[in-house]
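Peer 1:
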Amino acid sequence: MWKDWVRPFVRPLPQWSTIAVAPSQQSVAATLRWNDETADVTADHAVASLKPLTIVTSIDAGPSAVIEYRDRSTGQILGTLQLAKTTQLAIEQSSLTLYRVEAGEHRCLRWPHRPWNTWLQNRLMRKHPSAQHALMAPQAVQQLMIAYLCPRPVVLVSVQAEGHQNIFPMDLIGPLERSGFYTLALRSTNVSAPFMRQTRRVALSSMPASMKTAVYALSAHHKRPLDDWNEVPFPVRPSREFAIPSVAEALCVHELGIVHSQEFGSHTLFVGRIASAEEKCEGVQLHHTPAYYQMYRRRQAMGFAEV
Numbered sequence: 011m012w013k014d015w016v017r018p019f020v021r022p023l024p025q026w027s028t029i030a031v032a033p034s035q036q037s038v039a040a041t042l043r044w045n046d047e048t049a050d051v052t053a054d055h056a057v058a059s060l061k062p063l064t065i066v067t068s069i070d071a072g073p074s075a076v077i078e079y080r081d082r083s084t085g086q087i088l089g090t091l092q093l094a095k096t097t098q099l100a101i102e103q104s105s106l107t108l109y110r111v112e113a114g115e116h117r118c119l120r121w122p123h124r125p126w127n128t129w130l131q132n133r134l135m136r137k138h139p140s141a142q143h144a145l146m147a148p149q150a151v152q153q154l155m156i157a158y159l160c161p162r163p164v165v166l167v168s169v170q171a172e173g174h175q176n177i178f179p180m181d182l183i184g185p186l187e188r189s190g191f192y193t194l195a196l197r198s199t200n201v202s203a204p205f206m207r208q209t210r211r212v213a214l215s216s217m218p219a220s221m222k223t224a225v226y227a228l229s230a231h232h233k234r235p236l237d238d239w240n241e242v243p244f245p246v247r248p249s250r251e252f253a254i255p256s257v258a259e260a261l262c263v264h265e266l267g268i269v270h271s272q273e274f275g276s277h278t279l280f281v282g283r284i285a286s287a288e289e290k291c292e293g294v295q296l297h298h299t300p301a302y303y304q305m306y307r308r309r310q311a312m313g314f315a316e317v
């Protein structure tokens with residue numbers, strides 16, 4: 011129908027698609043480029059802060075670099091982020107480099123739909139800023155979406171301390187493969203952040219896509235701790251080493267020992283090492299990716315399963 015044809019030109023695409031992907035995602039490769047050098051950072055970069063939008067990696071690529079995201083099936087470049095080095099962290103015998111995102115572009119939509127959709131999305135964000143990204147300018151949200159061209163998994167983070175217990179969803183997470191670290195970027199206003207710094211341990215439950223509704227319902231606990239673990243709408247069980255209540259139906263539970271935490275802008279970056287990994291069952295995990303990448307995949311007849 012003509013309405014289906016005209017709709018993309020009068021209404022923006024949604025910003026995000028919620029998809030079901032088998033961990034760990036193999037759809038997109040991320041390559042860090044600087045000078046005449048390159049490095050595969052598919053499993054070695056993560057978001058460290060939203061304001062300013064900052065990327066952390068184990069690789070020191072000098073004062074400026076570019077991350078290039080490429081679809082493994084088609085070989086096409088999906089998008090790029092231009093980075094400027096801000097600082098380095100020395101942790102144990104390793105170092106991490108933080109880069110501020112200076113600019114970005116994607117190629118998932120054809121011209122003129124691509125700039126027009128960006129304009130429509132930015133206008134909508136200015137008129138109706140979401141609670142999730144209210145602290146970010148529309149341009150920064152667009153850059154964040156490019157970082158999510160590598161579909162980002164969703165976990166539930168469990169915290170257990172004296173007088174405090176909590177569980178909440180996160181996707182600003184990721185391994186830094188070369189250093190062996192794993193990072194969580196948590197908004198500094200989260201009620202559990204002080205207790206995570208105190209106990210230096212958390213449990214991460216990799217969530218099945220089928221549990222999306224229950225996962226999202228726990229977003230309220232970024233601001234309010236649990237009164238009791240019986241509040242959680244599904245069974246929990248102690249994690250292997252730390253005995254932190256984690257999701258019994260999780261695909262996997264990782265225990266993270268935190269070795270460093272530091273505030274960067276709007277977020278606190280928690281850096282840890284995986285203390286244990288309990289693979290519990292096979293299945294597809296809840297992930298987030300930009301809606302325009304899902305549209306690109308559908309044009310190639312290989313769209314992700316949505317939930």
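Residue numbers (my numbering): 11 to 317. Where is the CB? At the ideal position from N, CA and C, for every residue including glycine. These numbers were taken from a predicted model, which means no experiment stands behind them.
(1) Look at the Cβ atom of residue 156, then the Cβ atom of residue 85, and state whether they are nearer than 7 Å.
(2) Three or more C-beta pairs closer than 8 Å, one from the region 189-203 and one from the region 265-277: is that the case here?
(3) Within the region 12-89, note down every full alpha helix (DSSP H) run reaching 4 residues or more, in order along the chain.
(4) Give me the DSSP bridge partner(s) of residue 298.
(5) What is the DSSP secondary structure of residue 175, counted as helix, strand or coil?
(6) Do residue 161 and residue 297 have their C-beta atoms within less than 7 Å of each other?
(7) Note down the Cα distance separating residue 289 from residue 217, rounded to an integer number of angstroms.
(8) For residue 103, count neighbouring Cβ atoms within 10 angstroms of its own Cβ and tell me buried if that reaches 16, exposed if not.
(9) Between the beta-carbon of residue 212 and the beta-carbon of residue 269, is there less than 7 Å?
(10) Excluding the 5 residues flanking residue 52 on each side, which residues of the same chain have their C-beta closer than 7 Å to its C-beta?
(11) State the DSSP-derived secondary structure class of residue 193, mapped to helix, strand or coil.
(12) How many angstroms separate the CA atom of residue 95 from the CA atom of residue 105?
(13) Would you say the region 23-37 touches the region 307-314, given that touching needs at least three Cβ pairs under 8 Å?
(14) To the nearest angstrom, report how far apart residue 285 and residue 241 are at their CA atoms.
(15) Does the region 65-74 touch the region 106-115, meaning 3 or more C-beta pairs lie closer than 8 Å?
(16) Going by beta-carbon coordinates alone, are residue 222 and residue 145 separated by less than 7 Å?
(17) Let me make sure I understand the geometry here. Which of 87, 44, 203, 42 has the alpha-carbon closest to that of residue 171?
(18) Can you tell me which residues form a DSSP beta bridge with residue 98?
(19) Thinking residue 175 and residue 235 are a contact (beta carbons under 8 Å), I'd like their distance in whole angstroms, please.
(20) What three-state label does DSSP hand residue 310 in the structure shown?
(21) What is the DSSP secondary structure of residue 215, reduced to helix, strand or coil?
(22) Is the distance from the Cβ of residue 214 to the Cβ of residue 179 below 7 Å?
(23) If you run the structure through DSSP and keep just helix, strand and coil, what is residue 183?
(24) If residue 280 and residue 194 are in contact, beta carbons under 8 Å, what's the gap, nearest whole angstrom?
(25) According to DSSP, is residue 255 helix, strand or coil?
(26) Let me know the secondary structure DSSP gives residue 140 once reduced to three states.
(27) For residue 264, is the classification buried or exposed, using 16 other Cβ atoms within 10 angstroms of its Cβ as the cut-off for buried?
(28) Which residue's Cα is closest to the Cα of residue 23: 208, 92, 152?
(29) In the DSSP assignment, find the beta strand (DSSP E) that holds residue 247 and state where it starts and stops.
(30) Per the DSSP calculation, residue 266 is bridged to which residue(s)?
(31) Taking the alpha-carbon positions, what's the residue 12 to residue 238 distance?
(32) Name the DSSP bridge partner or partners of residue 169?
Peer 2: Judging by the given coordinates:
(1) On the sequence shown, position 146 is the one that residue 156 refers to. On the sequence shown, position 75 is the one that residue 85 refers to. No. Outside cutoff.
(2) The region 189-203 makes contact with the region 265-277; the number of CB pairs closer than 8 Å reaches 3 or more.
(3) For the region 12-89, whole alpha helix (DSSP H) runs of length 4 or above, ordered along the chain, are 12-20.
(4) In the sequence shown, the residue the question calls residue 298 occupies position 288. Paired residue(s): 28, 162.
(5) As a position in the sequence shown, residue 175 is number 165, starting the count at 1. Annotated three-state conformation of residue 175 is strand, per DSSP.
(6) Looking up residue 161 in the sequence shown gives position 151. Looking up residue 297 in the sequence shown gives position 287. For residue 161 and residue 297, yes; Cβs fall inside 7 Å.
(7) Taking the first residue of the sequence shown as 1, we reach residue 289 at position 279. Taking the first residue of the sequence shown as 1, we reach residue 217 at position 207. Taking the Cα positions, residue 289 is about 12 Å away from residue 217.
(8) Counting from 1 along the sequence shown, the entry for residue 103 is found at position 93. Label assigned to residue 103: exposed.
(9) For the purposes of this step, residue 212 is taken as residue 202 along the sequence shown, with counting starting at 1. For the purposes of this step, residue 269 is taken as residue 259 along the sequence shown, with counting starting at 1. Pairing residue 212 with residue 269 gives a Cβ-Cβ distance that is not under 7 Å.
(10) If you number the sequence shown from 1, residue 52 lands on position 42. Around residue 52: 39, 40, 160.
(11) The residue given as residue 193 occupies position 183 in the sequence shown. Assignment of residue 193 by DSSP, reduced to helix, strand and coil, places it in the strand class.
(12) One-based indexing of the sequence shown puts residue 95 at position 85. One-based indexing of the sequence shown puts residue 105 at position 95. When rounded, the distance between both Cα atoms is 14 Å.
(13) They touch, by the three-pair rule.
(14) Position 275 of the sequence shown, counted from the start, is the residue given in the question as residue 285. Position 231 of the sequence shown, counted from the start, is the residue given in the question as residue 241. One Cα belongs to residue 285, the other to residue 241, and the distance between them is close to 27 Å.
(15) Yes, the region 106-115 touches the region 65-74.
(16) The count along the sequence shown starts at 1 and reaches residue 222 at position 212. The count along the sequence shown starts at 1 and reaches residue 145 at position 135. No, the Cβ-Cβ distance between residue 222 and residue 145 is not below 7 Å.
(17) Counting from 1 along the sequence shown, the entry for residue 171 is found at position 161. Relative to residue 171, the option among 87, 44, 203, 42 whose CA is nearest is 203.
(18) The residue labelled residue 98 in the question sits at position 88 within the sequence shown. Bridge partners of residue 98: 107.
(19) Numbered from its first residue, the sequence shown carries residue 175 at position 165. Numbered from its first residue, the sequence shown carries residue 235 at position 225. Taking C-beta atoms under 8 Å as the contact rule, residue 175 and residue 235 qualify, at a distance of about 7 Å.
(20) Within the sequence shown, the letter at position 300 stands for residue 310. Looking at residue 310 - three-state DSSP - the assignment turns out to be coil, as it is neither helix nor strand.
(21) The residue you call residue 215 lines up with position 205 of the sequence shown. Residue 215 sits in a strand when the DSSP states are folded into three classes.
(22) For the purposes of this step, residue 214 is identified with residue 204 of the sequence shown, where counting begins at 1. For the purposes of this step, residue 179 is identified with residue 169 of the sequence shown, where counting begins at 1. Residue 214 is not a Cβ neighbour of residue 179, given a cutoff of 7 Å.
(23) By 1-based counting over the sequence shown, the position of residue 183 is 173. Here residue 183 sits in strand by DSSP.
(24) If you number the sequence shown from 1, residue 280 lands on position 270. If you number the sequence shown from 1, residue 194 lands on position 184. Yes, they are in contact, since the Cβ atoms of residue 280 and residue 194 sit about 4 Å apart, within 8 Å.
(25) Counting from 1 along the sequence shown, the entry for residue 255 is found at position 245. Residue state, collapsed to three classes: strand.
(26) Here the question's residue 140 lines up with position 130 in the sequence shown. It is coil, neither helix nor strand.
(27) As a working note, residue 264 is residue 254 in the sequence shown. Of the other Cβ atoms in all chains shown, 16 or more fall within 10 Å of the Cβ of residue 264; this residue is therefore buried.
(28) Here residue 23 refers to the residue found at position 13 when the sequence shown is read from its first residue. Out of 208, 92, 152, the CA that lies nearest to the CA of residue 23 is found in 152.
(29) Translated into positions along the sequence shown, residue 247 becomes position 237. Residues 246-248.
(30) For the purposes of this step, residue 266 is identified with residue 256 of the sequence shown, where counting begins at 1. Looking at the DSSP assignment, residue 266 forms a beta bridge with 212, 284.
(31) One-based indexing of the sequence shown puts residue 12 at position 2. One-based indexing of the sequence shown puts residue 238 at position 228. Legend: pLDDT at residue 12 = 46, less than 50; position of this residue unreliable, no value from coordinates given.
(32) Start at 1 with the first residue of the sequence shown, and residue 169 comes out as number 159. The partner list for residue 169 (beta bridge, DSSP) reads 176.
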